[in-house]
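First the structure, in the form of structure tokens, and then the observations on it.
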Amino acid sequence: MTTTTPSRGRRRAPSRMERAAGKAAALQRPRVILALLLLLALVCVMLLDGYLRAEVGGDQRVRTGAGSSDVPDDILDGGPIVTFRGGQATTVSVPDRTIALTFDDGPNPTWTPQVLAILEKYDVPATFFLVGSMVTRYPSVVRDMVEQGHEVGIHTFTHVDLSYQSDARVRREMEQTQLALAGAAGITTTLFRAPYSSETDAIDNYSWPVYKKLGQDGYTSVFVDTDSDDWKRPGVSKIVQWATPKKNEGASVLFHDAGGERSQTIKALPQYIEKMRAKGYTFTTISGALDEQQGQQAPAGAAPGTGGSRLQAAHREATGTILYEGNALVAAVAVAEWAVPTLSVGLMVVGIAVMGRFGMMLLLARRHHRLRNRRRFSWGPEVTRPVTVIVPAYNEKECIANTLDSLARSTHPIEIIVVDDGSTDGTSEIAREAALALGMTNVRVIRQENAGKPAALNNGVRSARHDIVVMMDGDTVFEPDAVRQLVQPFADPEVGAVAGNAKVGNRTTVIGAWQHIEYVMGFNLDRRMYDLLRCMPTIPGAIGAFRREAVLQAGGMSEDTLAEDTDITIAMHRDGWRVVYQEHARAWTEAPGSLKQLWSQRYRWSYGTMQALWKHRKSLTDKGPSGRFGRVGMPLVVLFQIVTPVFAPLIDVFTAYSMIFIDFKAALLAWLAVLCVQLVCAAYAFRLDREKYRYLLMMPLQQLAYRQMMYLVLIHSCVTALTGGRLRWQKLKRTGEVGTPAGAG
Numbered sequence: 012m013t014t015t016t017p018s019r020g021r022r023r024a025p026s027r028m029e030r031a032a033g034k035a036a037a038l039q040r041p042r043v044i045l046a047l048l049l050l051l052a053l054v055c056v057m058l059l060d061g062y063l064r065a066e067v068g069g070d071q072r073v074r075t076g077a078g079s080s081d082v083p084d085d086i087l088d089g090g091p092i093v094t095f096r097g098g099q100a101t102t103v104s105v106p107d108r109t110i111a112l113t114f115d116d117g118p119n120p121t122w123t124p125q126v127l128a129i130l131e132k133y134d135v136p137a138t139f140f141l142v143g144s145m146v147t148r149y150p151s152v153v154r155d156m157v158e159q160g161h162e163v164g165i166h167t168f169t170h171v172d173l174s175y176q177s178d179a180r181v182r183r184e185m186e187q188t189q190l191a192l193a194g195a196a197g198i199t200t201t202l203f204r205a206p207y208s209s210e211t212d213a214i215d216n217y218s219w220p221v222y223k224k225l226g227q228d229g230y231t232s233v234f235v236d237t238d239s240d241d242w243k244r245p246g247v248s249k250i251v252q253w254a255t256p257k258k259n260e261g262a263s264v265l266f267h268d269a270g271g272e273r274s275q276t277i278k279a280l281p282q283y284i285e286k287m288r289a290k291g292y293t294f295t296t297i298s299g300a301l302d303e304q305q306g307q308q309a310p311a312g313a314a315p316g317t318g319g320s321r322l323q324a325a326h327r328e329a330t331g332t333i334l335y336e337g338n339a340l341v342a343a344v345a346v347a348e349w350a351v352p353t354l355s356v357g358l359m360v361v362g363i364a365v366m367g368r369f370g371m372m373l374l375l376a377r378r379h380h381r382l383r384n385r386r387r388f389s390w391g392p393e394v395t396r397p398v399t400v401i402v403p404a405y406n407e408k409e410c411i412a413n414t415l416d417s418l419a420r421s422t423h424p425i426e427i428i429v430v431d432d433g434s435t436d437g438t439s440e441i442a443r444e445a446a447l448a449l450g451m452t453n454v455r456v457i458r459q460e461n462a463g464k465p466a467a468l469n470n471g472v473r474s475a476r477h478d479i480v481v482m483m484d485g486d487t488v489f490e491p492d493a494v495r496q497l498v499q500p501f502a503d504p505e506v507g508a509v510a511g512n513a514k515v516g517n518r519t520t521v522i523g524a525w526q527h528i529e530y531v532m533g534f535n536l537d538r539r540m541y542d543l544l545r546c547m548p549t550i551p552g553a554i555g556a557f558r559r560e561a562v563l564q565a566g567g568m569s570e571d572t573l574a575e576d577t578d579i580t581i582a583m584h585r586d587g588w589r590v591v592y593q594e595h596a597r598a599w600t601e602a603p604g605s606l607k608q609l610w611s612q613r614y615r616w617s618y619g620t621m622q623a624l625w626k627h628r629k630s631l632t633d634k635g636p637s638g639r640f641g642r643v644g645m646p647l648v649v650l651f652q653i654v655t656p657v658f659a660p661l662i663d664v665f666t667a668y669s670m671i672f673i674d675f676k677a678a679l680l681a682w683l684a685v686l687c688v689q690l691v692c693a694a695y696a697f698r699l700d701r702e703k704y705r706y707l708l709m710m711p712l713q714q715l716a717y718r719q720m721m722y723l724v725l726i727h728s729c730v731t732a733l734t735g736g737r738l739r740w741q742k743l744k745r746t747g748e749v750g751t752p753a754g755a756g
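Heads up: the sequence shown runs through residues 12 to 756, numbered per this note's numbering.
Structure (structure tokens):
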């Protein structure tokens, strides 16, 4: 027996593991922050995309029937252009035989370019009142519009009735649209047309304060004299007729280049231009109408025509901060426009893969259960020879006595080796005292300097007297028949390792119940599938058995990864051994009792799994059993333990987004359908393991909360892997709550 005792009478220096843990904790914080930032960035992208589509912050209310007593009569009876020069509200009419051709609701990638082509063909200028969210989505269309010499105005950012909105919302709608124009075309504008507006006589007591406030900010509000009503799609002839002013009067004429199907507008526009020119009309912009009516000299470049990229009178060149912010907004929207559809397709693919996995698990689990529980099924001659049980322990004073007590009840002859990995809480002394109290003469306690769990297991394997070694955790308790059941598959000489059935003992808490569901459904159901496919990726550390020669052949438990159990399992596959699952060998383990401990454990598991897969990546090109794992097991592990766990929680996020901003009923039904499929799988897994169904009541909450945490853990692990970080064996705080197998029901 090897014993190493710390010096007494002076302060103990931190152990190697404690120093490594402290260093690892310091390195983890930035990675956790980065993982959270990645999630925040994704949520922001989704919200931005929803905002652009008026799904977030949209407001489709339109005022009707409001009074106009506060609106001056000369405004109600005036022309379609309302200016506030000098602080005085003034209306301006379009000169006779002049058309200020305006378009609302664009830009649209389908219809606006066709409108621009027609205007260019007929050398007609126009004023486009643009929705800011559409500008950010199709900046190139706006750029072409401005370069062709057309004028642009603001039609708010989300096409909202501003008379309902607060001053802050009004200001935000205008500023965001200005930013969009700056990012798209490098300009800002002084023109504004309110959504759902018409002629000036429709101004009411609610909208008038908005126009006055915008006028004080330098905006010119533009209304309509003549409305083509093309949005009603009445037919080409009707559109042309309704857009024609009466008695050769001038008019601000409204068409639409977006907001719906605009094929009739495209057909009507050439006919309309030809008709109006035949009647002696000329076409101009809103600024051109203002200059002509007020008798002012039009600035260079403001004359009608589409032949250049010079600034219109209403345009201002964007410079400085607004230009940079505008470019950033357009770039962010480009990311959102790409990311959200890509995410949608990706989640659809993942959803199909997850559903396929559920179906495959159910079929293979049923087949596995029926195969292994047939009356005539046998691994071969009963294995009765003694085996060695290795218990690695680091500061397990709360649990080690319970562990030894459960082993004392074993129905199979065993030798027990407790390897104390430099504990500082008296674990080895408690183990010796427990063995004496239980009258166990088959217990050996070995102390070693703190070197980590793989070193402790290897020490136990080297010291084992028998050819089969059972490995368990220091916080685990075995059922009396667990060892006997666990070693029976070794009757088959091809079997090199056996995975037992690990159960959560402390399942009375919410966190414990969540992990109980995960163990029964996510781990044990998976192991049945992997067993039949002969590509079991992991022997659980809580309960697993190995041929001693196979472990030594693989070089022992490796310290190369944090998941030494996954590492050794894959190594045994590559050495040609068969790895199987024994559902009747049950052990009860103490799962993490807090979110912090759960995070620590799952972080180590997921990161260690990535390390092990990378270490054994050459199995992809191996032949024989090793190649089978590389071509079957490894893709399944990557798909179902790395890829889908990353995307599966995002399905919940996307579902919540859809419920709030798109179609609540359809999204809710889809989520409930997936939940029902999962419940069916979980219920079947519980039936196979003879577990109580009441824990399934926690499953909906588990899907909402638990999976999101697992997503963050996996992102954290991916970031660590990409940044080359390393971790040591992490000790979880134990309570000793799992006393005996009977107490875990």
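We treat Cβ as the ideally placed atom computed from N, Cα and C, and that holds for glycine. For clarity, every value in this text was computed on a predicted model and none was experimentally measured.
Scanning the region 528–566 from its first residue to its last, the whole beta strand (DSSP E) runs of 3-plus residues come out as 554–558. Listed in chain order, the non-local C-beta contacts of V56 below 6 Å within the same chain comprise A347 and A350, local neighbours out to five positions each way being set aside. When only Cα atoms are considered, D215 and G90 end up about 16 Å apart. Annotation: the continuous beta strand (DSSP E) that includes Q593 extends over R589 to T600. Counting only residues of its own chain and dropping the five nearest sequence neighbours on each side, M710 has a CB closer than 8 Å to the CB of I528, L686, Q689, L690 and A693. For Q459, the enclosing beta strand (DSSP E) has its first and last residue at V454 to Q459. When only Cα atoms are considered, A325 and T121 end up about 26 Å apart. Looking at E407, L683, S144 and D486, the one whose alpha-carbon comes closest to that of T666 is L683. In the structure shown, K514 falls within a strand segment according to DSSP collapsed to helix, strand and coil. If you ignore the 5 residues before and after R368, its C-beta comes within less than 7 Å of the C-beta of F651, all in its own chain and listed in chain order. In the three-state scheme derived from DSSP, where H, G and I count as helix and E and B as strand, G270 is classed as coil. Counting only the Cα atoms, A376 lies some 32 Å from L563. Here D432 is near A467, since their CB atoms are less than 7 Å apart. The beta carbon of R538 sits closer than 7 Å to those of A510, M547 and Y592, all from its chain and outside the five residues before and after it, given in chain order. P118 and L112 have their C-alpha atoms roughly 16 Å apart.
In the displayed model, S144 falls within a helix according to three-state DSSP.
In the DSSP assignment, I401 falls within the beta strand (DSSP E) that extends over V398 to A404. Per DSSP, reduced to three states, the secondary structure at G644 is helical. The beta-carbon distance between H166 and P206, rounded to whole angstroms, is 6 Å. This is short enough to meet the 8 Å contact definition. Pairing Y222 with A254 gives a Cβ-Cβ distance that is not under 7 Å. Nearest C-alpha to V531 among Y706, D116, L59 and L225: Y706.
Distance between R558 and I479, taken at the CA atoms: about 5 Å. Around the beta carbon of R476, fewer than 16 other beta carbons lie within 10 angstroms, which makes this residue exposed. With contacts defined by Cβ atoms closer than 7 Å, I401 and I441 do not form a contacting pair.
From the listed residues T101, I579 and Y149, the smallest Cα separation to P465 is found for I579. R385 has its alpha-carbon roughly 27 Å from the corresponding atom of A553.
A262 is bridged by DSSP to I110. The closest CA to that of G98, considering only R273, L141, L631 and K224, is found on K224. D238 has its alpha-carbon roughly 21 Å from the corresponding atom of W219. Here the alpha carbons of G641 and D633 stand approximately 7 Å from one another.
If you draw a 10 Å sphere on the C-beta of L59, you find 16 or more other C-beta atoms in it, and that means buried.
Pairing A598 with Y704, the inter-Cα distance amounts to about 20 Å.
For R327, there is no enclosing alpha helix (DSSP H); the residue is found in the beta strand (DSSP E) stretching over H326 to E328. Its chain contains F665 as the residues whose beta carbon lies nearer than 8 Å to that of S355, once the 5 sequence neighbours on both sides are disregarded; these appear in chain order. As far as DSSP is concerned, L173 takes part in no beta bridge. Residue pairing by DSSP puts T199 in a beta bridge opposite R327.
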